[in-house]
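Novice:
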Amino acid sequence: MPSPHPAQDPGSPPGELHGVLEPIVTAAGFELDQLDVRAAGRRHTVKVVIDSDEGVGLDDIATVSRSVSEELDGHEHLLGGSYTLEVTSPGVDRPLTLPRHWRRAHLRQVAVRLHDGATFTGRVGRAGEDAVTVLVDGRRREVRYADVAHAAVQVEFRQVPESEVALLQEEETA
427 MPSPHPAQDP GSPPGELHGV LEPIVTAAGF ELDQLDVRAA GRRHTVKVVI
477 DSDEGVGLDD IATVSRSVSE ELDGHEHLLG GSYTLEVTSP GVDRPLTLPR
527 HWRRAHLRQV AVRLHDGATF TGRVGRAGED AVTVLVDGRR REVRYADVAH
577 AAVQVEFRQV PESEVALLQE EETA
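When you line the sequence shown up against the working numbering, it's residues 427 to 600, in that order.
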């Protein structure tokens, strides 16, 4: 007789597991940005990526990790065996795919490739629901998310130039 709680298929989206873990992450004050379950022999690796507008620190990772681990132990039937848990925050190289990613990248430098093949580097300004303002070569440019093929934050080793901040703040107060 088949088990009433089949193990998650590591190749499919972990829907039921997502439903179990998202409230735990949300209760801790974070968003469940990504959930990935992979099989490694008889073990599974469960990767939980959390995020928030205020950022994620090491103490936050530890707290969420303990809570998620306790919850997984109570729902081990979803994994069908032992697991390794990895709780982390998105890396700086995470693609900007959602409006909230763009909001969190406010004033950061980004590299953008549009669906038409055009590329540019600019500084992120106000991010709305359908588009974001990007300062490119001293000019504000509105970019619709639907037009973006790929975008990612660029690591900078200098302070954000005050002139660029001023140009973006003009747009935000207008």
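Cβ atoms here follow ideal geometry from the backbone N, Cα and C, with glycine treated the same way.
Remember, predicted model here, so these are calculated numbers, not experimental data.
Let's test the definition: count the other Cβ atoms within 10 Å of the Cβ of H470 and tell me whether it reaches 16, buried, or not, exposed.
Specialist: For the purposes of this step, residue 470 is identified with residue 44 of the sequence shown, where counting begins at 1. Buried, because 16 or more other Cβ atoms sit within 10 Å of the Cβ of H470.
Novice: Which runs of the alpha helix (DSSP H) at least 4 residues long sit entirely within the region 488 to 555? Give them in chain order.
Specialist: The qualifying runs are 525 to 530.
Novice: Taking only the alpha-carbon atoms, compute the straight-line gap between E582 and D556 and give it to the nearest angstrom.
Specialist: In the sequence shown, counting from the first residue as 1, residue 582 sits at position 156. In the sequence shown, counting from the first residue as 1, residue 556 sits at position 130. Approximately 27 Å, taken between the alpha carbons.
Novice: Rounded to whole angstroms, what is the Cα-Cα separation between Y571 and A488?
Specialist: Taking the sequence shown and counting its residues from 1, the one referred to as residue 571 is at position 145. Taking the sequence shown and counting its residues from 1, the one referred to as residue 488 is at position 62. So the alpha carbons of these two residues sit roughly 34 Å apart.
Novice: Please report how far the alpha carbon of S493 lies from the alpha carbon of Q595, in whole angstroms.
Specialist: Here residue 493 refers to the residue found at position 67 of the sequence shown. Here residue 595 refers to the residue found at position 169 of the sequence shown. S493 and Q595: Cα-Cα distance of roughly 40 Å.
Novice: Our contact map puts P516 next to D479 with C-beta atoms below 8 Å; I'd like the distance itself, whole angstroms only.
Specialist: The sequence position of residue 516 within the sequence shown is 90, counting from 1. The sequence position of residue 479 within the sequence shown is 53, counting from 1. Rounded, the Cβ-Cβ distance is 13 Å, inconsistent with contact.
Novice: Can you tell me whether L498 is buried or exposed, with buried defined as 16 or more other CB within 10 angstroms of its CB?
Specialist: Translated into the one-based positions of the sequence shown, residue 498 becomes position 72. Buried, since its Cβ has 16 or more Cβ neighbours within 10 Å.
Novice: With DSSP as the reference, please indicate the residues paired to H444 in a beta bridge.
Specialist: Here residue 444 refers to the residue found at position 18 of the sequence shown. Paired residue(s): none; H444 is not in a bridge.
Novice: Under three-state DSSP, which class holds Q460?
Specialist: As a position in the sequence shown, residue 460 is number 34, starting the count at 1. DSSP places Q460 in strand when its eight states are reduced to three.
Novice: For R565, count neighbouring Cβ atoms within 10 angstroms of its own Cβ and tell me buried if that reaches 16, exposed if not.
Specialist: Within the sequence shown, numbered from 1, the residue matching residue 565 stands at position 139. With fewer than 16 Cβ atoms within 10 Å of its Cβ, R565 is classed as exposed.
Novice: From A465, W528, G467 and Q585, pick the residue whose C-alpha is nearest to that of V574; which is it?
Specialist: Taking the first residue of the sequence shown as 1, we reach residue 574 at position 148. Measuring from the Cα of V574, the nearest candidate turns out to be W528.
Novice: Just the Cα atoms here: how many angstroms apart are V550 and V536?
Specialist: By 1-based counting over the sequence shown, the position of residue 550 is 124. By 1-based counting over the sequence shown, the position of residue 536 is 110. The straight-line gap from Cα to Cα measures roughly 7 Å.
Novice: Do A577 and P525 have their beta-carbon atoms positioned less than 8 Å apart in this structure?
Specialist: For the purposes of this step, residue 525 is taken as residue 99 along the sequence shown, with counting starting at 1. For the purposes of this step, residue 577 is taken as residue 151 along the sequence shown, with counting starting at 1. For P525 and A577, no; Cβs fall outside 8 Å.
Novice: V446 and H501: beta carbons closer than 8 Å?
Specialist: Reading the sequence shown from its first residue, position 20 is the one you call residue 446. Reading the sequence shown from its first residue, position 75 is the one you call residue 501. Cβ distance < 8 Å, so V446 and H501 count as in contact.
Novice: What separation, rounded to the nearest whole angstrom, lies between the Cα atoms of G481 and L511?
Specialist: By one-based count along the sequence shown, residue 481 stands at place 55. By one-based count along the sequence shown, residue 511 stands at place 85. Cα to Cα, G481 sits roughly 21 Å from L511.
Novice: Who does T471 pair with in a DSSP beta bridge?
Specialist: To locate residue 471, count along the sequence shown from 1; it is residue 45. Paired residues: R464 and T510.
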